[in-house]
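> For this note's numbering, add 20 to where a residue sits in the sequence shown, where the first one is 1.
Built from N, CA and C at the ideal position, the CB exists for glycine as well.
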Amino acid sequence: APPTLTGWRPPSAGRVRDEPPRPSSQQSPSATDRLKERMKQREGGSVGRREPSVGASGGAADWRSRIEARQREAEEVQVQEHHNKQQNQERSGKRNDAMRRVMERQAQRQHEVDALEA
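1. Return the CA-CA distance between K60 and T52, expressed in angstroms with no decimal places.
2. In this structure, how does DSSP classify S143 when only helix, strand and coil are distinguished?
3. Which of helix, strand or coil does DSSP assign to A138?
4. Is it buried or exposed for Q126, if we count other Cβ within 10 angstroms and need 16 for buried?
5. Would you tell me roughly how many angstroms separate the C-alpha atoms of E71 and R62, rounded to the nearest one?
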């Protein structure tokens, strides 16, 4: 039998191997019992409990600071995108001006050639 099934056999049944007995529920509390204990500690105000004002304000300040940081980051991204857009427009304008000058020179040269041939 798989080793997982040997733990489910009653202790009176003979063990195949010499295994130490598995911990029973009396030795370690179940998950339900541990959860109930934690809930009682929270309700009763145990020694290890944090003060609500510290936990609530600390948590609130934490998420607010994260939101503010995200907002600042979003604003910085927008500023950077605006700057990049301006640079692209300037470069595009310079390229367009250069292309216009090239075309004007070509047209002027073609006009000069046509005048010489006439």
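Once the coordinates are examined:
1. The alpha-carbon of K60 is positioned some 12 Å away from that of T52.
2. In this structure the chain extends from 21 to 138, so residue 143 is not present and cannot be described.
3. Look at A138 here: in three-state DSSP terms it is coil, with no helix or strand label.
4. Around the C-beta of Q126, fewer than 16 other C-beta atoms lie within 10 Å, and the residue is accordingly described as exposed.
5. Caution applies to E71, whose pLDDT of 48 falls short of 50 and renders its modelled position unreliable; the value that the coordinates give is listed next. Near 11 Å, if we compare the C-alpha coordinates of R62 and E71.
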